[in-house]
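For reference, the structure is listed below as C-alpha cells.
Number of protein chains: 2
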Amino acid sequence: MDRLDRKILRLLQENATLAVADVAKKVGLSTTPCWRRIQKLEEEGVIRKRVAVLNPEKVNARVTVFVSIRTNAHNPEWLKRFSEVIKEFPEVVEFYRMSGDVDYLLRVVVPDIASYDQFYKKLIAKIEIRNVSSAFAMEQIKYTTELPLDYMVLDKEPAQASA
Amino acid sequence: MDRLDRKILRLLQENATLAVADVAKKVGLSTTPCWRRIQKLEEEGVIRKRVAVLNPEKVNARVTVFVSIRTNAHNPEWLKRFSEVIKEFPEVVEFYRMSGDVDYLLRVVVPDIASYDQFYKKLIAKIEIRNVSSAFAMEQIKYTTELPLDYMVLDKEPAQASA
DNA sequence: TATTTCAAGGAAAATATTTCTACAATGAAG
DNA sequence: CTTCATTGTAGAAATATTTTCCTTGAAATA
Numbered sequence: 012m013d014r015l016d017r018k019i020l021r022l023l024q025e026n027a028t029l030a031v032a033d034v035a036k037k038v039g040l041s042t043t044p045c046w047r048r049i050q051k052l053e054e055e056g057v058i059r060k061r062v063a064v065l066n067p068e069k070v071n072a073r074v075t076v077f078v079s080i081r082t083n084a085h086n087p088e089w090l091k092r093f094s095e096v097i098k099e100f101p102e103v104v105e106f107y108r109m110s111g112d113v114d115y116l117l118r119v120v121v122p123d124i125a126s127y128d129q130f131y132k133k134l135i136a137k138i139e140i141r142n143v144s145s146a147f148a149m150e151q152i153k154y155t156t157e158l159p160l161d162y163m164v165l166d167k168e169p170a171q172a173s174a
Numbered sequence: 012m013d014r015l016d017r018k019i020l021r022l023l024q025e026n027a028t029l030a031v032a033d034v035a036k037k038v039g040l041s042t043t044p045c046w047r048r049i050q051k052l053e054e055e056g057v058i059r060k061r062v063a064v065l066n067p068e069k070v071n072a073r074v075t076v077f078v079s080i081r082t083n084a085h086n087p088e089w090l091k092r093f094s095e096v097i098k099e100f101p102e103v104v105e106f107y108r109m110s111g112d113v114d115y116l117l118r119v120v121v122p123d124i125a126s127y128d129q130f131y132k133k134l135i136a137k138i139e140i141r142n143v144s145s146a147f148a149m150e151q152i153k154y155t156t157e158l159p160l161d162y163m164v165l166d167k168e169p170a171q172a173s174a
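This is how it looks when you write it as C-alpha cells:
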C-alpha cells in the first residue's frame, strides 16, 4: 500500500462508478497497473463492496434515533442472542458495544417518532433489556461513508513514475 | 415508486456493481424498463451516489468514538462556524444536532486512542465548546449503509408484469 | 562497473459487457 | 375504442475490462 493505492481508494470512496481508465488518469498511471491495483485491493478485502447510497428523505427514512442500552446480563450468550435480534431489524443501521456506563449503542432509522415507538415495542418484546434511553437527532449535518485515509500505513514510497 | 423500484433499490444498496440486465432479471423485468427506472431514480436523487465501502481495519480506522457536545452559544452563527470546522475533519464521519441534554453528537473514526486525543486537541483549539464527553466503542457489531425500505411510500400497486 | 533479477509500469488490442435507442406490443383506464 | 403509461425485443454504438507482451529502473551480486 503506497500513496497511489491511497489515492485510488480516495477516489473510489467518493465515486465507485469511475472507470478504471479515469481513475488511472487522476492518479497518474496507465490503466493496466491501475486496474491491477484495484483488483488487488479488492482481493485483499480493503475494498469491501460497492453500494448505492440513497437519499434518506426520499425513502422516508427521516428520523435518526440513538438508543443507549444497559443490560444486566453481561454474558456472551445474551450478547449473541441480542446481536442476532438486532441484525434482523433493518431499522438498526449501526450497533456498537461500548465502554463506559452505556453497554450498547444503536443508531436506528425510521420515518417518524410513531414508527420509532413501534420499533421500540418490537425490540423490548423480543429481548429483555435493563435500561433503554433514546436520543433523537434533529438534523443530520454530516454523513459520509468515507473513512479517513490519512492514517493509512504505507509500506513504502510510491514507485517513481517511469518515463 | 412502486414495489419494483423498491426491489431495485434493495439490490443496488447491497451491490452497486450489478449490471442493469442482472437487476432486471432479479426483479422480473427486461433490461429496458429496468434501465429507465434506475435512470429515473438517479435523476430524482433517490440514488445519491455509488461508493466503495472500505474495510476499516485494513485502512487503520479501528476506533470509533462517539463525542457528545454541549454548547453555550445557541445561535445560528456558532452552529455555522462549528459545522464548517467539523466538515473539515475527515475523522468525523457523522454529525448530528440532537434534542435532549446533548446538543451535538459526532461519530469519529481514528486508528487508536492516542490519535483520538490528537483529534480532540485539534478540535477544541479550533472552536469553543462548553462540554465534551467521549464514549469509546469496543466493537462494531453492525454497520450498514442500507436504509430500511419497508417504510417507503408506494404511489400505487406495481404494474402487473405483462406477458 | 557490468550483469542479473525483479517488481512495476506502459501500449495496444481482443473480448466482453453495457448502455442506450427505435419501435412494436400490451393492458388498464376513461 | 381511444389514450396513455409501461413493457418487451432487438440491435447498434460506445465503453470497459482484461490479456499479452514489452520496457523501464532499482537493487543486488559478482
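Residue numbers (our numbering), protein chains in the order written: chain A, 12 to 174; chain B, 12 to 174.
Quick reminder that beta carbons are idealized off the backbone N, C-alpha and C, glycines included.
The structure presented is a predicted model; accordingly, all values stated were derived computationally and were not measured.
Closest by C-alpha distance to residue i, when choosing among the options
i: B/I19; options: A/E53, A/V64, A/V31 and A/K18; result: A/V64
i: A/T75; options: A/L116, A/R21 and A/Y162; result: A/L116
i: B/H85; options: B/P44, B/S144, B/D114 and B/L29; result: B/D114
i: A/I124; options: A/A35, A/V34 and A/A146; result: A/A146
i: A/Y131; options: A/E88, A/N66 and A/V78; result: A/V78
i: B/F100; options: B/S126, B/L29, B/M12 and B/N83; result: B/S126
Residue i versus residue j - alpha carbon distance
i: A/S173; j: B/V104; result: Interpretation of A/S173 is limited by its pLDDT of 32, a score under 50 that renders its predicted location unreliable; the figure taken from the coordinates is listed afterwards. Rounded to the nearest angstrom, the two C-alpha atoms are 37 Å apart.
i: A/M149; j: A/R92; result: 31 Å
i: A/I97; j: B/K37; result: 27 Å
i: A/I49; j: A/Q129; result: 44 Å
i: B/A72; j: B/V121; result: 5 Å
i: A/E102; j: B/R118; result: 18 Å
i: B/Y162; j: A/K69; result: 11 Å
i: B/L52; j: A/I140; result: 40 Å
i: B/D33; j: B/D13; result: 19 Å
i: B/L158; j: B/R17; result: 11 Å
i: B/D112; j: B/C45; result: 47 Å
i: B/S94; j: B/S110; result: 17 Å
i: A/L134; j: A/P87; result: 19 Å
i: B/A170; j: B/A35; result: Here B/A170 scores only 37 on pLDDT, less than 50, and its place in the model is too uncertain to base an answer on.
i: B/W89; j: A/E55; result: 44 Å
i: B/A136; j: A/S144; result: 32 Å
Cβ distance (whole Å) where residue i is taken to contact residue j below 8 Å
i: A/Y107; j: B/I138; result: Contact flag wrong, Cβ pair sits at about 26 Å.
i: A/V57; j: A/T42; result: The Cβ separation is near 20 Å, so there is no contact.
i: B/T156; j: A/T156; result: 6 Å
i: A/N142; j: A/R81; result: 4 Å
i: A/R21; j: A/L165; result: Not a contact, Cβ separation roughly 13 Å.
i: A/L15; j: A/L40; result: 7 Å
i: B/R59; j: A/N66; result: 5 Å
i: B/R61; j: A/T28; result: 5 Å
Residues that residue i contacts on chain A, provided the C-beta gap is smaller than 7 Å
i: B/K60; result: N26 and V64
Partner residues on chain B for residue i, Cβ-Cβ distance less than 8 Å
i: A/I97; result: I152 and K153
i: A/T82; result: Correct list: empty, because the minimum Cβ distance to chain B is about 13 Å.
i: A/G39; result: Neighbours of A/G39 on chain B: none; closest Cβ ~20 Å, over 8 Å.
i: A/V57; result: L65, N66, K69 and V70
Contact set between residue i and chain A, taken where Cβ atoms lie within less than 9 Å
i: B/R108; result: A148, M149, E150, Q151 and I152
Partners in chain A for residue i, counting only beta-carbon separations shorter than 8 Å
i: B/D161; result: P101
i: B/G111; result: A146 and F147
i: B/K51; result: Simply none; closest approach about 12 Å.
i: B/P67; result: L158
i: B/T75; result: Y107
Interface residues of chain B facing residue i [CB-CB closer than 7 Å]
i: A/A35; result: Those within 7 Å of A/A35 in chain B number zero; the least Cβ separation is about 16 Å.
i: A/P87; result: Correct list: empty, because the minimum Cβ distance to chain B is about 12 Å.
i: A/N71; result: Y162, M163 and V164
i: A/P122; result: Y162
Partners in chain B for residue i, counting only beta-carbon separations shorter than 9 Å
i: A/L23; result: V62, A63 and L65
Unbroken stretches of the beta strand (DSSP E), 3 residues or longer, contained in the segment 109–151 of chain B
The segment 109–151 of chain B contains these whole beta strand (DSSP E) runs: 115–121.
Considering only residues of the segment 36–104 of chain B, which uninterrupted beta strand (DSSP E) runs meet the minimum length of 3 residues and lie entirely inside it, listed in chain order?
With a minimum length of 3 residues, the continuous beta strand (DSSP E) runs that stay inside the segment 36–104 of chain B are 58–65 and 74–81.
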